[in-house]
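Read through the structure below, which is laid out as structure tokens, and then see the notes.
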Amino acid sequence: MIPREARIYVAGHRGLVGSAIVRRLRAAGYENLILRTRQELDLLRQADVEAFFERERPEYVFVAAARVGGIWANATRPAQFIYENLVIETNLIHAAWRFGVRRLLFLGSSCIYPKFAPQPIREEYLLTGSLEPTNEPYAIAKIAGLKLCSAYNRQYGTDFRCLMPTNLYGPGDNFDLETSHVLAALIRKFHEALPDHPVVLWGTGTPRREFLHVDDLADACLFVMQLPEFPYEFVNVGTGEDLEIRELAELVQRIVGHRGPILWDSSRPDGTPRKLLDVSRMRELGWRPRIGLEEGIRQTYRWYREHVASITA
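Residue numbers for the sequence shown follow this note's numbering, so the first one is 2 and each next one is one higher.
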């Protein structure tokens, strides 16, 4: 167990994942949280990060800070995605070792796996094939972070743990159509469309994806950090269930209340054909998700209407 008075640093606490981790920690009674905005602490500057760790001495660290985005953002900003993610994770992991952090949790992504990995994807499929080209720079950075944690554990005896979550969504998501992930983009597109007008979506709609509510991921993060021992290099986190993007679009359309036709622009990229995680390791450790997809989308759409649509209207 993490002591209630422990000094806990959540890197990236304003993002989708970081804000969910903060909510989960506070719900569990943890109040001694160390939080810094990007303006207060630039994670791209090693000297600043090390000075922060030396001054604040966090005991537990959640690495939820990252440069993230959908297919378009990854395809058009590859240098930014690989550079910023490599630097952020390197600065945080090295400082955590140097200043004696007791336990660290690094969050990766399911895009670390080969594009044509067997389904469902087991952890041992890592580095067995070529990556999806549209997000290869981001994936390489996340693989590097995972291996960095493993190397520090082997050489220095640190307790750095890694989780690889599937596609995420929920309150606090990014709804910018140029940089958002698919589920957030669908919510915004259907919400902004006239009720009976067509909505054009990228690709063919045939790829299959798995979706995990970010509050479930936050619960999994705390669960893993509380374990006395973590027997794996890393573990997948997901629901173990997927659906076609076409089915997802129809579900979001129904929840939003849009009634027009859906048109698919097959000249746009689909990305990986299927990406379903094998979550047997996480289940063996004793954790399962609790929020169903339809319930989670309804929650997310309510949050979008209250916090995004009401401001941009």
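Even for Gly, the Cβ is constructed at its ideal location relative to N, Cα and C. All values derive from a computational prediction rather than experimental measurement.
The Cβ atoms of S267 and T205 lie closer than 8 Å to each other. Sequence-distant Cβ neighbours of G109 in its own chain, meaning closer than 8 Å and more than five residues away, are K143, I144, G146, L147, C163, L164, M165, P166 and F235.
Inclusion of P208 and R275 in the CB contact set at 8 Å is warranted, their separation being smaller than that value. In this structure, the straight-line span from the alpha carbon of P196 to that of L184 is close to 19 Å.
Of all alpha-carbon atoms in S131, Y305 and G293, the one lying nearest the alpha-carbon of D216 is that of G293. Here V236 carries a strand assignment [DSSP, helix/strand/coil]. Across the structure, R306 and L278 are spaced so that their CA atoms are roughly 31 Å apart.
Ranked by Cα distance from I256, the first of P270, V309 and K190 is K190.
Under the DSSP definition of a beta bridge, L228 lacks any partner.
The C-beta distance from L105 to L44 rounds to 14 Å, too long to meet the 8 Å contact threshold. Its chain contains Y10, A97, V102 and L105 as the residues whose beta carbon lies nearer than 6 Å to that of V62, once the 5 sequence neighbours on both sides are disregarded; these appear in chain order. Between D243 and L249, the alpha-carbon positions lie close to 10 Å from each other. In the three-state scheme derived from DSSP, where H, G and I count as helix and E and B as strand, Y114 is classed as coil. Cβ-Cβ distances below 7 Å link A310 to H192 in the same chain, with the five nearest sequence neighbours on each side left out; the list follows chain order. The Cβ neighbour count for Q227, taken over all protein chains shown within 10 Å, is under 16; the residue is labelled exposed. By the Cβ neighbour-count rule, T301 is buried, with 16 or more other Cβ atoms within 10 Å of its own. Across the structure, V201 and E124 are spaced so that their CA atoms are roughly 35 Å apart.
In chain order, L17, V18, H182, F212, L213, H214, V215 and L218 place their CB closer than 8 Å to the CB of L169, counting only its own chain and leaving out the 5 sequence neighbours on each side. Burial is judged here by how many other beta carbons sit within 10 angstroms of a residue's own beta carbon; G297 has at least 16 and is buried. Here V280 is not near V225, since their CB atoms are 8 Å or more apart. Beyond the five residues adjoining it in sequence on each side, Y139 comes within less than 6 Å, by CB distance, of N75 and F82 in the same chain, given in chain order. Under the DSSP assignment, M165 falls in the beta strand (DSSP E) whose first and last residues are F161 to P166. For T77 and N86, the gap between their C-alpha atoms comes out near 16 Å. If the five residues before and after P270 are omitted, its C-beta is found closer than 8 Å to the C-beta atoms of I72, A76, T135, W203 and G204, all from its own chain and listed in chain order.
The beta carbons of E133 and T273 sit about 5 Å from each other, so the pair counts as a contact at 8 Å. M2 counts as exposed, since fewer than 16 other beta carbons sit within 10 angstroms of its beta carbon.
A buried status is given to F176, since no fewer than 16 other beta-carbon atoms sit within 10 Å of its beta-carbon.
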